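Single-structure report; data block below.
In our numbering, the protein residues as written are 711 to 1278.
Set out below in structure tokens:
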């Protein structure tokens, strides 16, 4: 213990002097102990593992206590929108990138997508306090975005925990596992909100602070243990209890007393990560490390720029905000450690992820100090056609928000609801295509092995693609239905704008919008469905796609005809 504290403290001081986060010092301490200390044994590893588990629990508990639900209700709409856009884009990009660039299995690729989908709250907060490019309100927005990202990461960790543990691969057990997890999370939150704040406030008024702290930590570790019983990580229970405790009036006193303990045990958590990393392994995996860091940086930057653009934020401020988020989050260490401990990822991938996280933490302060010059270079050196394209996009966005301002409150509410549906339907469609892309070869092999020899592998592939075509139909129908409603709102708002004497978009766009509204939904759906299958990567030639299209349209016509006859 003496060696851990002294060496951890020394490393953190050195890296603080270098204006780098103390987390790097803790990781370096673990690497030094793991590779160069002769006194390491199974007993010392067991002690460090126990202390690191306590650090993980206390870290997640503290993150939960710092989650201000009232503030999220008031100012969380934009942050929630950013996270709703960022996380799916980055996760899907991570899955595709991990599969194509690193040759990962589906579970490893999903784990990688989850790991790179959030930024480091601790590192970014330090960076924001050291620079003055963003005002106080913008800094709070970025911090709130990272808080919502943490919540999203907890949900993701809850969802992938059964896969990481190799459980629930059969459909029945998977459904039972998901129901158990959902019931556990909802019951813990609801019952906790009803009882725990009142209990802690009662103790806080009548008992010393140390008793209040002991009870709060006891509840925290109890829920952490219960979360492992239902198949979740202990981090989930700690986070839920932290959120519950944050609603008590005595939460400030609890947080004040927990933070010093959290800092010590959190150091043990990061030291335990460093223990399994060797400098040689980092050198041997330098290419995967750079690929993972590149994936994270590109996806996070692009996704944040898109979400800020949609949120009607200025381009330069969006650029600064996107750069500020380019440090992989604490959950990168948490999820990767859970995945490594469960055997879902091997040592090479684990080392590569930690190496990429280290690079992101080291590079961000250097990148942030030069962000003004980088923004100027982008602005001055970008080819004029690209600049004109961005300016045109900004005009389209401004015109869009100008049109919407003429809609009534009820219409605006309905518009936002439909837009949210569209977004989730697009995500669902992307997930369906990824699942078919990953699972089609296995499904085709299974059908081919269990059908007569006269059924060729080509025919089984056509069958799988037809199933894909049919599954996309209801999703696309709802998508097109909601898009047509949005289009009608825009046309109506444009008409009102003209009555008010405001400028609107060109006649061509208006005619195009009217044509979309008047076009039959099912015609649009089948055309878009066919286009998606044509673009999506698969082994079927164009004639095969035509076969799938014809078979799908015939089945759709039969089903529609039967439904029509039943109604009449």
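All residues carry an ideal CB built from backbone N, CA and C; glycine is no exception. Being a predicted model, the structure only gives us computed values, none of them experimental.
Query, Result
"Host alpha helix (DSSP H) of residue 988 (start-end)", "Segment: none, residue 988 is in no alpha helix (DSSP H) and carries neither H nor E."
"Member of 1010, 989, 958 whose CA lies at the smallest distance from the CA of residue 911", "958"
"Expected contact under 8 Å - CB spacing of residue 736 and residue 977 to nearest Å", "5 Å"
"Coil, strand or helix - residue 917 by DSSP", "coil"
"Residue 1166, DSSP secondary structure in three states", "coil"
"Residue 878, buried or exposed, once every other Cβ within 10 Å from all chains shown has been counted against 16", "Confidence is the limiting factor: at residue 878 the pLDDT is only 46, short of 50, which leaves the residue's position unreliable, though a coordinate-based value still follows. Buried is the call here."
"Simplified DSSP assignment, three categories, for residue 751", "coil"
"As assigned by DSSP and simplified to three states, the class of residue 686", "Lying before the first or after the last residue shown, residue 686 is absent from the chain, which here runs from 711 to 1278."
"Sub-8 Å separation of residue 948 and residue 858 beta-carbons", "no"
"When 1238, 1183, 922, 1049 are compared against residue 983, the one with the closest alpha-carbon", "1049"
"Cα-Cα separation between residue 1187 and residue 1018, rounded to whole angstroms", "29 Å"
"The stretch 759-768 contacting the stretch 986-996, beta-carbon criterion three pairs below 8 Å", "no"
"Contact between the stretch 1155-1164 and the stretch 1249-1263 (3+ Cβ pairs under 8 Å)", "no"
"Segments assigned alpha helix (DSSP H), at least 4 residues, entirely inside the stretch 925-973", "944-956"
"C-beta contact flag for residue 1014 and residue 1032 at 8 Å", "yes"
"Same chain, Cβ closer than 8 Å to residue 1071, neighbours up to 5 away in sequence not counted", "730, 731, 733, 734, 830, 833, 1037, 1038"
"Whole-number beta carbon distance between residue 980 and residue 1281, since they are thought to touch under 8 Å", "Summary: the structure shown does not reach residue 1281, with the chain confined to residues 711 through 1278, and so no result is reported for it."
"Alpha-carbon spacing of residue 1223 relative to residue 1139, whole angstroms", "The predicted position of residue 1223 is uncertain, since its pLDDT is 49 and thus under 50; a value taken from the coordinates is nonetheless stated next. Roughly 23 Å between the two C-alpha positions."
"C-alpha gap between residue 721 and residue 974, whole angstroms", "14 Å"
"Through-space distance from residue 993 to residue 1069, alpha-carbon basis", "13 Å"
"Distance, residue 1236 Cα to residue 862 Cα", "34 Å"
"Residue environment, residue 1164, which counts as buried when at least 16 other CB atoms sit within 10 Å", "exposed"
"Alpha helix (DSSP H) segment containing residue 1061, residue limits", "1057-1079"
"Residue of 1191, 1075, 1108 minimising C-alpha distance to residue 1132", "1191"
"Where residue 1057 falls, given that 16 or more other Cβ within 10 Å makes a residue buried", "exposed"
"Contact the stretch 741-758 vs the stretch 898-911: 3+ CB pairs below 8 Å", "no"
"When 773, 714, 794, 801 are compared against residue 758, the one with the closest alpha-carbon", "714"
"The alpha helix (DSSP H) enclosing residue 727, as first and last residue numbers", "712-727"
"Spatial distance of residue 1012 from residue 1277 (CA atoms)", "49 Å"
"Nearest-angstrom Cβ-Cβ length linking residue 1128 and residue 1196, presumed shorter than 8 Å", "6 Å"
"Limits of the alpha helix (DSSP H) - the one that residue 998 falls within", "996-1020"
"Own chain, CB closer than 7 Å to residue 1193, minus 5 neighbours either side, in chain order", "1132"
"Cα-Cα separation, residue 1153 to residue 802", "21 Å"
"Between the CA atoms of residue 962 and residue 926 - distance to the nearest angstrom", "12 Å"
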